[in-house]
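Novice: Okay, here's the structure, questions in a sec.
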Amino acid sequence: MLKMEKVTKSFGKVQALDGVDLHVQPGEIYGFIGPNGAGKTTAIRVLMGFIRPDSGHCTIFGRNVWKEAVQIHQRVAYVPGDVNLWPNLTGGEVIDLFLRLQSQKDVKARDYWMERFDLDPTKKCRTYSKGNRQKVALVAAFAQEADLYILDEPTSGLDPLMEKVFQEGLRERKKEGKSVLLSSHILSEVEKLCDRVSIIRRGKIIETGSMKELRHLTHMDVHVRTLQPLPDQFGSAYITDLREEEGEIRLRIDSAQIGRLMEEITPYGIESLQCMPPTLETLFMRHYQEEG
Ligand SMILES: Nc1ncnc2c1ncn2[C@@H]1O[C@H](COP(=O)(O)OP(=O)(O)OP(=O)(O)O)[C@@H](O)[C@H]1O
Ligand SMILES: [Mg+2]
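23 is the number of the first residue of the sequence shown in our numbering; add one for each residue after it.
Now the structure itself:
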């Protein structure tokens, strides 16, 4: 669906992209995360054919993103990071303009999404709040019949209720077999929605995989209560960080050791047990802490 290979781009001395690879498969929601200035927007602008990379190769639907942008954009819905709209048009006019550019005449989807996002389309764009500007862009994107949705931090200004509408919208698209590239800072959102994730830092992809694969690389936190107390040296070979807190044992293990832990702990009579895989946030933080 989307392929980015060994793409580099620098702005003067700043190397914004340094050999970036991204592959989005059909029907997949792909998360693109990284700190401020990591290169997410630059990568997306290259994919949209707005800027030309210094080197590397990008295709969408098998077509060259730079040379065949017009054809590609007919089947791509895009929401930019900073939504700037024509100040003197109303939200409704802007949405209609976008849909006309896509030669789309069906207004049912437009009205449906306007209602779901609770958007007043009669106001002039200059009077909209940041969240409402974002809603205009999202309604235009969701109302569009596209095969690929490229969304650059589309929910940074939305309230939790609207965030939920957005997530439902994305899941509906996925059910229809559409593909999504979603850049986001909201890790819980990425965790909930995305099939695969790439983490970018300083223009380089430092980790790619499904949530399951990424989690596998790390630890798991376990909270357990046992009927009989555990012996002093319990699991010292593979448990890190064992402590007693709030009447329960809290410990951390390598994810691969969970079977061994269960076997060894069962004879002590498990009263309650909670296993918590790392959240995307802990995975993310780990990368930043490693950097020191
Ligand atoms: N037009 C430009 N001219 C000069 N430098 C630029 C330009 N666009 C981006 N950069 C630089 O490239 C780097 C990557 O920026 P980019 O906007 O892609 O980051 P980002 O990951 O989208 O960050 P954020 O999460 O804050 O949106 C930054 O160092 C930025 O300052
Ligand atoms: Mg950005």
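C-beta atoms are modelled at their ideal positions from N, C-alpha and C, and glycine is treated no differently.
Report yes if the C-beta of T262 is less than 7 Å from at least one heavy atom of ligand 1; otherwise report no.
Specialist: no
Novice: Buried or exposed for Q166, please, with buried defined as at least 16 other CB atoms from any protein chain shown within 10 angstroms of its CB.
Specialist: buried
Novice: Counting C-beta neighbours from all protein chains within 10 Å, is the total for M298 16 or more, i.e. buried, or is it exposed?
Specialist: exposed
Novice: Is any heavy atom of ligand 1 found at a distance shorter than 7 Å from the C-beta of V36?
Specialist: yes
Novice: Relative to ligand 2, what is the chain-ordered list of residues with a Cβ closer than 7 Å to any of its non-hydrogen atoms?
Specialist: Qualifying residues, in the order they occur: K62, T63, G103, D174, E175, S205.
Novice: Could you tell me the alpha carbon to alpha carbon distance between E115 and K234, rounded to whole angstroms?
Specialist: 43 Å
Novice: Going by DSSP, what residue range makes up the alpha helix (DSSP H) through Y134?
Specialist: 130 to 138
Novice: Does ligand 1 have a heavy atom nearer than 7 Å to the CB of G199?
Specialist: No - ligand 1 has no heavy atom lying nearer than 7 Å to the Cβ of G199.
Novice: Shortest alpha-carbon distance to L160 belongs to which of I94, K186, M242?
Specialist: K186
Novice: Note down, in chain order, each residue of its chain lying with its Cβ closer than 6 Å to the Cβ of P102, except the 5 sequence neighbours on either side.
Specialist: D174
Novice: Who does L148 pair with in a DSSP beta bridge?
Specialist: The sequence given here places Arg at residue 148; Leu does not occur at that position. Per DSSP, none; premise fails for R148.
Novice: With the cut-off set at 8 Å, would you say R218 and E50 are in Cβ contact?
Specialist: yes
Novice: Can you check which of these residues, V29, Y100, C216, Y52, is closest to D43 by C-alpha distance?
Specialist: Relative to D43, the option among V29, Y100, C216, Y52 whose CA is nearest is V29.
Novice: Figure out for me which residue from L24, K31, G61 has the closest Cα to the Cα of I228.
Specialist: G61
Novice: What does the Cβ neighbour count give for W108, buried or exposed, with the cut at 16 atoms within 10 Å?
Specialist: exposed
Novice: For V219, which of helix, strand or coil comes out of DSSP?
Specialist: strand
Novice: Taking 6 Å as the limit between beta carbons, can you name the residues of its chain near G71, skipping five residues before and five after?
Specialist: V87, W88, A91
Novice: Quick check on this structure: which residue in P176, K146, G225 has the alpha carbon closest to the alpha carbon of V35?
Specialist: Note on residue identity: the sequence assigns Lys, not Val, to residue 35. Cα-wise, what sits closest to K35 is G225.
Novice: Please classify P300 as buried or exposed, where buried requires at least 16 neighbouring CB atoms within 10 angstroms.
Specialist: buried
Novice: Under the three-state reduction of DSSP, which class applies to L249: helix, strand or coil?
Specialist: coil
Novice: On the DSSP letters alone, give me the boundaries of the alpha helix (DSSP H) that K318 sits inside.
Specialist: Only positions 23 to 314 of the chain appear in the structure, and residue 318 is not among them; the question remains open.
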